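**Q** Protein sequence lines, in the order shown, are assigned to chains A and B. Numbering of the first sequence is given in this note's numbering, commencing with residue 65 and proceeding in unit increments. Numbering of the second sequence is given in this note's numbering, commencing with residue 65 and proceeding in unit increments.
There are 2 protein chains.
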Amino acid sequence: MSEILERRLFGPGPSNPYPEATAALGLPLLGHLDPAFLEVMDETCDRLRQVWGTTNVRTLPLSATGSSGMEASFVNTVHPGDVVVVAVNGLFGERMCDVAARCGAEVVRVDHEWGTPVDVQRVLDAHPEPKIIAAVHAETSTGVRSDIADLGADKGDALLVADAVTSIGGIELRADDWGIDVGYAGTQKCLGVAPGLAPFTINERAFERRVERPQSWYLDLGLLGGYVGEAGAKGGGRTYHHTAPVAMIRSLHAGLGRILDEGLETVWARHAEAGQLLQEGLEEMGLILFAEKGHRLPELTTVNVPDGVDAAAVRTYLLERHGIEIGPGAGKYATTVWRIGLMGHNARPDAALLVLAALKDALDQVA
Amino acid sequence: MSEILERRLFGPGPSNPYPEATAALGLPLLGHLDPAFLEVMDETCDRLRQVWGTTNVRTLPLSATGSSGMEASFVNTVHPGDVVVVAVNGLFGERMCDVAARCGAEVVRVDHEWGTPVDVQRVLDAHPEPKIIAAVHAETSTGVRSDIADLGADKGDALLVADAVTSIGGIELRADDWGIDVGYAGTQKCLGVAPGLAPFTINERAFERRVERPQSWYLDLGLLGGYVGEAGAKGGGRTYHHTAPVAMIRSLHAGLGRILDEGLETVWARHAEAGQLLQEGLEEMGLILFAEKGHRLPELTTVNVPDGVDAAAVRTYLLERHGIEIGPGAGKYATTVWRIGLMGHNARPDAALLVLAALKDALDQVA
Chain A
65 MSEILERRLF
75 GPGPSNPYPE
85 ATAALGLPLL
95 GHLDPAFLEV
105 MDETCDRLRQ
115 VWGTTNVRTL
125 PLSATGSSGM
135 EASFVNTVHP
145 GDVVVVAVNG
155 LFGERMCDVA
165 ARCGAEVVRV
175 DHEWGTPVDV
185 QRVLDAHPEP
195 KIIAAVHAET
205 STGVRSDIAD
215 LGADKGDALL
225 VADAVTSIGG
235 IELRADDWGI
245 DVGYAGTQKC
255 LGVAPGLAPF
265 TINERAFERR
275 VERPQSWYLD
285 LGLLGGYVGE
295 AGAKGGGRTY
305 HHTAPVAMIR
315 SLHAGLGRIL
325 DEGLETVWAR
335 HAEAGQLLQE
345 GLEEMGLILF
355 AEKGHRLPEL
365 TTVNVPDGVD
375 AAAVRTYLLE
385 RHGIEIGPGA
395 GKYATTVWRI
405 GLMGHNARPD
415 AALLVLAALK
425 DALDQVA
Chain B
65 MSEILERRLF
75 GPGPSNPYPE
85 ATAALGLPLL
95 GHLDPAFLEV
105 MDETCDRLRQ
115 VWGTTNVRTL
125 PLSATGSSGM
135 EASFVNTVHP
145 GDVVVVAVNG
155 LFGERMCDVA
165 ARCGAEVVRV
175 DHEWGTPVDV
185 QRVLDAHPEP
195 KIIAAVHAET
205 STGVRSDIAD
215 LGADKGDALL
225 VADAVTSIGG
235 IELRADDWGI
245 DVGYAGTQKC
255 LGVAPGLAPF
265 TINERAFERR
275 VERPQSWYLD
285 LGLLGGYVGE
295 AGAKGGGRTY
305 HHTAPVAMIR
315 SLHAGLGRIL
325 DEGLETVWAR
335 HAEAGQLLQE
345 GLEEMGLILF
355 AEKGHRLPEL
365 TTVNVPDGVD
375 AAAVRTYLLE
385 RHGIEIGPGA
395 GKYATTVWRI
405 GLMGHNARPD
415 AALLVLAALK
425 DALDQVA
């Protein structure tokens, strides 16, 4: 490669990693069973517990991207014929239905208009005795936050599966307090690490109900416990399962270290401030925000493309002229919505100002 | 981290990456749909075709470690009740039985003594009409090479699934010439890249027989085709499936570039030379090699621990005194065999001399 490309990643993810996370990727590689690496792995699990807001022993980075976390959630908990109620208010809720059905679930789908939050009561009323209720905390496709705590409070005997891919490390998330039994996330958004791992957590209640021999060997939590040592649970013995993605885990370790050094609540406040600056600025430019007011994610803003503007041409201009990436809308909103993320290391006032100024320039030049 | 640990990774993998592969990990991150990244992805698939020895359109890096490649192989090709004949001559053959069974296969297991190669005729005779025959090319648990080409030549109507985790980039591998229908590998051994991806290839014959809606969404090859654009097949259109692990793919791209610049056959010869130096040196020290003569992998040498020597103490001494990692034996050979890898960037004469000298020192000091 003759030229090193630098991009400002203001789309729906990946975001630009924290410098500490990038530096850790380039460290000399350790073996996956090296005592020095096992210490990094244990610390990474501890740090993940903090950003999840959980004490779950089984909290670990799965060795694949965020979507594998969704698969691990269902493949380990759905027994054939189980009723799984899925709140669908965007692309990732839809995907949950597909993944759960492949695990043999009887899926009860509760649809919402995209751009609106999950209606907790409708989801709770959808079936009298679901085995699992599943919802997306922060819908990456629409920029909407839903109230997971209210689902958790009234879930009854059901397990609550929550997608925290775009919320973890960016907005308040309290897995234990909110009654999340199984949660999965990604590294490439507000955690400020490259894509490649799925931070995952499951509590005792869900683990006890798990499928004994799930259809996936790779994501079998019964086997993965030994892989991370299950620190508190079984005295920390290690069993070889698969070769840990050492470089990525060290990078996650470093990114989480940066977040916890800054302070998790301070990081949330930084995301809130940057998102507010961006959203106010967009409205001042006369643009209309897509997500319902009161439920907008600060870390991921969705905005309607003005009438007569070529959405893709604006994105291309931003990329080629300014090295700035923003995202198209998802699904049927591909050409009528933009998605602008200020996540992780990018959740800063200067990034908000930059993307506003660049978008203004693009609208002047392209439209 | 106060001190940056440097290890010589002479175990069964990961190996020390090529410097180009490490440098690529630290490049500024690109978005997973950035045109510049899509070009890297396409080139990576092209380069993978070369190291696989295939023209298969569906050749790609799966977004998880090598073991996920095993799962992808079976989950996409095993229909319920299909007879799958598995050649078992080590840990990874055993694992194939587990993974295939979870996909609903009727597994016919052909056991061999560990340390010996697959007996092709016994495998072919194990069932009159198997749907799939599966074998490991280079058994990481024993250091043994088996003859995949002979299986391919006489497989009949069956699909041949081959594990090339420890062979790819280290010894001769010709997927198309040998009749491999489905192959999977890892990045962290002879390809000289950190662990985290599974180079995968499937030909048209196998793809046409695939499971329409496999139990794994994450590894569904029908969906993954759109993710990599299926260059030749469908005009290169892209469909969002999951977020590509961008940094790891760029690292694989760079590692493969290094190998192809050097020349694949030259790289094989380098592995052969380093392995021969090591194996001759071990025998000169009076040690007994574990794998059957004539079937020893140059990239991964197994050697019996001498009577009365504490195998783990030697490994600890090597790590702490010299920063050198070698591996224990696998399974029941955990304390009676060592595994010494000279893979990828480590497949060099100086590395062979170093590990011989260090092992001699360890035997003097510890035993």
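From the three backbone atoms N, C-alpha and C, an ideal C-beta is built for every residue, glycine too. All values reported here derive from a predicted model rather than from experimental measurement.
Would you call the segment 284 to 295 of chain A and the segment 102 to 116 of chain A touching, i.e. three or more CB-CB distances under 8 Å?
**A** These segments touch.
**Q** Excluding the 5 residues preceding and the 5 following A:Ile-388 in the sequence, name in chain order all residues of the same chain whose CB lies nearer than 8 Å to its CB.
**A** Within the first sequence, numbered from 1, the residue matching residue 388 of chain A stands at position 324. Closer than 8 Å at Cβ, skipping near neighbours: Arg-71, Arg-72, Phe-74, Leu-382, Leu-418, Val-419 and Ala-422.
**Q** Does the beta carbon of B:Leu-93 come closer than 8 Å to any beta carbon on chain A?
**A** Working through the second sequence from its first residue, we reach residue 93 of chain B at position 29. Cβ-Cβ to chain A under 8 Å: yes for B:Leu-93.
**Q** Using the three-state DSSP reduction, which class does A:Asp-189 fall into: helix, strand or coil?
**A** The count along the first sequence starts at 1 and reaches residue 189 of chain A at position 125. Residue state, collapsed to three classes: helix.
**Q** So which residues on chain B does A:Asn-80 lean against when the C-beta distance must stay under 9 Å?
**A** In the first sequence, residue 80 of chain A corresponds to position 16, counting from 1. The contacting residues are Pro-92 and Leu-93.
**Q** Along the chain, where does the alpha helix (DSSP H) containing A:Val-369 start, and where does it finish?
**A** For the purposes of this step, residue 369 of chain A is identified with residue 305 of the first sequence, where counting begins at 1. Counting along the chain, A:Val-369 falls outside any alpha helix (DSSP H), and DSSP gives it neither H nor E.
**Q** For B:Gly-391, I'd like the list of residues in its chain whose CB is within less than 6 Å of its CB, leaving aside the five on either flank, ordered along the chain.
**A** As a working mapping, residue 391 of chain B is identified with position 327 in the second sequence. So the qualifying residues of the chain are Gly-75, Pro-76 and Arg-403.
**Q** Output the boundary residues of the alpha helix (DSSP H) element that contains B:Phe-101.
**A** In the second sequence, residue 101 of chain B corresponds to position 37, counting from 1. B:Phe-101 -> alpha helix (DSSP H) spans 99 to 116.
**Q** Whole-angstrom Cβ separation of B:Asn-267 and B:Asn-120, contact assumed at under 8 Å?
**A** As a first step, residue 267 of chain B is located in the second sequence; it is residue number 203 there, counting from the start. As a first step, residue 120 of chain B is located in the second sequence; it is residue number 56 there, counting from the start. With 8 Å as the limit, B:Asn-267 and B:Asn-120 qualify as a contact, their Cβ atoms being about 5 Å apart.
**Q** Which residue marks the beginning of the alpha helix (DSSP H) containing A:Phe-156, and which one marks its end?
**A** Within the first sequence, residue 156 of chain A is the residue found at index 92, counting from 1. Per DSSP, A:Phe-156 belongs to the alpha helix (DSSP H) from 155 to 166.
**Q** From B:Asn-368, B:Asp-371 and B:Glu-363, pick the residue whose C-alpha is nearest to that of B:Asn-410; which is it?
**A** As a working note, residue 410 of chain B is residue 346 in the second sequence. The shortest Cα separation from B:Asn-410 among B:Asn-368, B:Asp-371 and B:Glu-363 belongs to B:Glu-363.
**Q** Excluding the 5 residues flanking B:Thr-118 on each side, which residues of the same chain have their C-beta closer than 6 Å to its C-beta?
**A** The count along the second sequence starts at 1 and reaches residue 118 of chain B at position 54. Counting only Cβ-Cβ distances below 6 Å, and skipping sequence neighbours, we find Ala-239, Asp-240 and Thr-265.
**Q** Can you list, in chain order, the residues of its chain whose CB lies under 7 Å from that of A:Gly-243, leaving out five sequence neighbours each side?
**A** On the first sequence, position 179 is the one that residue 243 of chain A refers to. Around A:Gly-243: Gly-216, Ala-217, Lys-219 and Leu-224.
**Q** Quick check on this structure: which residue in A:Pro-125, A:Ala-169 and A:Trp-116 has the alpha carbon closest to the alpha carbon of A:Val-139?
**A** Taking the first residue of the first sequence as position 1, residue 139 of chain A is located at position 75. The residue with the shortest Cα to Cα distance from A:Val-139 is A:Ala-169.
**Q** Out of B:His-386, B:Thr-365 and B:Lys-357, which has the shortest C-alpha to C-alpha gap to B:Leu-342?
**A** Here residue 342 of chain B is taken as the residue at index 278 of the second sequence, counted from 1. For the residues B:His-386, B:Thr-365 and B:Lys-357, the minimum Cα distance to B:Leu-342 belongs to B:Thr-365.
**Q** Which value, in whole angstroms, describes the spacing of the CA atoms of B:Trp-281 and B:Ala-136?
**A** On the second sequence, residue 281 of chain B is found 217 positions in, with the first residue counted as 1. On the second sequence, residue 136 of chain B is found 72 positions in, with the first residue counted as 1. Using only the alpha carbons, I get a separation of about 10 Å.
**Q** On the criterion of 16 or more Cβ atoms from any shown chain inside 10 Å, does B:Arg-122 qualify as buried, or is it exposed?
**A** Here residue 122 of chain B refers to the residue found at position 58 when the second sequence is read from its first residue. Classification for B:Arg-122: buried.
**Q** Here's the rule I'm using: 16 or more other beta-carbon atoms within 10 Å means buried, otherwise exposed. How should B:Asp-227 be labelled?
**A** Taking the second sequence and counting its residues from 1, one reaches residue 227 of chain B at position 163. Buried, since its Cβ has 16 or more Cβ neighbours within 10 Å.
**Q** Under a CB-based cut-off of 8 Å, is A:Glu-84 close to chain B?
**A** To locate residue 84 of chain A, count along the first sequence from 1; it is residue 20. Chain B, which has no Cβ nearer than 8 Å to the Cβ of A:Glu-84, makes this no.
**Q** Would A:Val-172 and A:Val-149 be called neighbours here (beta carbons separated by less than 8 Å)?
**A** If you number the first sequence from 1, residue 172 of chain A lands on position 108. If you number the first sequence from 1, residue 149 of chain A lands on position 85. Yes; because the gap between Cβ atoms is below 8 Å, this pair is in contact.
**Q** Strictly by DSSP, which residues pair up with A:Tyr-248?
**A** Taking the first residue of the first sequence as 1, we reach residue 248 of chain A at position 184. In the DSSP output, where bridge partners are listed per residue, A:Tyr-248 has A:Asp-227 and A:Phe-264.
**Q** Can you tell me which of B:Gln-429, B:Pro-92, B:Ser-210 and B:Val-142 puts its alpha carbon nearest to the alpha carbon of B:Arg-379?
**A** For the purposes of this step, residue 379 of chain B is taken as residue 315 along the second sequence, with counting starting at 1. The residue with the shortest Cα to Cα distance from B:Arg-379 is B:Gln-429.
**Q** Does any C-beta atom of chain A lie closer than 8 Å to the C-beta of B:Tyr-381?
**A** Start at 1 with the first residue of the second sequence, and residue 381 of chain B comes out as number 317. By this cut-off, B:Tyr-381 is not an interface position.
**Q** So that I know if they touch, is there some Cβ in chain B lying closer than 8 Å to that of A:Arg-277?
**A** In the first sequence, the residue the question calls residue 277 of chain A occupies position 213. Taking Cβ atoms only, chain B reaches closer than 8 Å to A:Arg-277, which makes this a yes.
**Q** If we call anything under 8 Å between Cβ atoms a contact, is B:Asp-338 one with B:Ala-398?
**A** Here residue 338 of chain B corresponds to residue number 274 of the second sequence, with the count starting at 1. Here residue 398 of chain B corresponds to residue number 334 of the second sequence, with the count starting at 1. Note on residue identity: the sequence assigns Ala, not Asp, to residue 338 of chain B. In this structure, B:Ala-398 does not lie closer than 8 Å to B:Ala-338 by Cβ.
**Q** Under three-state DSSP, which class holds A:Leu-423?
**A** Position 359 of the first sequence, counted from the first residue, corresponds to residue 423 of chain A. Residue state, collapsed to three classes: helix.
**Q** Between A:Asn-153, A:Glu-193 and A:Arg-186, which has its C-alpha nearest A:His-201's C-alpha?
**A** The sequence position of residue 201 of chain A within the first sequence is 137, counting from 1. Nearest of A:Asn-153, A:Glu-193 and A:Arg-186 to A:His-201, Cα basis: A:Asn-153.
**Q** Residues of chain A with CB under 9 Å from B:Arg-166, in chain order?
**A** Mapped onto the second sequence, residue 166 of chain B falls at position 102. Neighbours of B:Arg-166 on chain A, chain order: Arg-277, Pro-278, Gln-279, Ser-280, Trp-281 and Asp-284.
**Q** Using the Cα positions of B:Pro-83 and B:Ile-323, report the straight-line distance between them to the nearest angstrom.
**A** If you number the second sequence from 1, residue 83 of chain B lands on position 19. If you number the second sequence from 1, residue 323 of chain B lands on position 259. Their backbone Cα atoms lie some 12 Å apart in a straight line.
**Q** Does A:Gly-299 have its Cβ less than 8 Å from a Cβ in chain B?
**A** Reading the first sequence from its first residue, position 235 is the one you call residue 299 of chain A. Below a pLDDT of 50, predicted positions are generally treated as unreliable, and A:Gly-299, at 45, falls in that range; no measurement from the model is reported.
**Q** For a contact defined as C-beta to C-beta under 8 Å, what are the partners of A:Ile-232 on chain B?
**A** Within the first sequence, residue 232 of chain A is the residue found at index 168, counting from 1. Residues of chain B passing the Cβ test: none, with the nearest at roughly 15 Å.
**Q** Could you tell me which of A:Glu-158, A:Arg-113 and A:His-317 sits nearest to A:Met-134, measuring between CA atoms?
**A** Position 70 of the first sequence, counted from the start, is the residue given in the question as residue 134 of chain A. For A:Met-134, the nearest C-alpha among the options comes from A:Glu-158.
**Q** Using a C-beta cutoff of 8 Å, does B:Arg-71 count as contacting chain A?
**A** Stepping through the second sequence from its first residue, residue 71 of chain B is reached at position 7. Yes, contact with chain A.
**Q** On the three-pair Cβ rule with 8 Å, is the segment 369 to 379 of chain B touching the segment 317 to 335 of chain B?
**A** The segment 369 to 379 of chain B is not in contact with the segment 317 to 335 of chain B.
**Q** With distances taken between CB atoms, is the gap from A:Leu-255 to A:Leu-126 smaller than 8 Å?
**A** To locate residue 255 of chain A, count along the first sequence from 1; it is residue 191. To locate residue 126 of chain A, count along the first sequence from 1; it is residue 62. Cβ distance not < 8 Å, so A:Leu-255 and A:Leu-126 don't count as in contact.
**Q** Can you pull the chain A neighbours of B:His-306, defined as C-beta to C-beta under 9 Å?
**A** Your numbering for residue 306 of chain B matches position 242 in the second sequence. Ordered by position in chain A, the residues that pass the 9 Å Cβ test against B:His-306 are Ala-128, Thr-129, Gly-130, Ser-131, Ser-132 and Pro-259.
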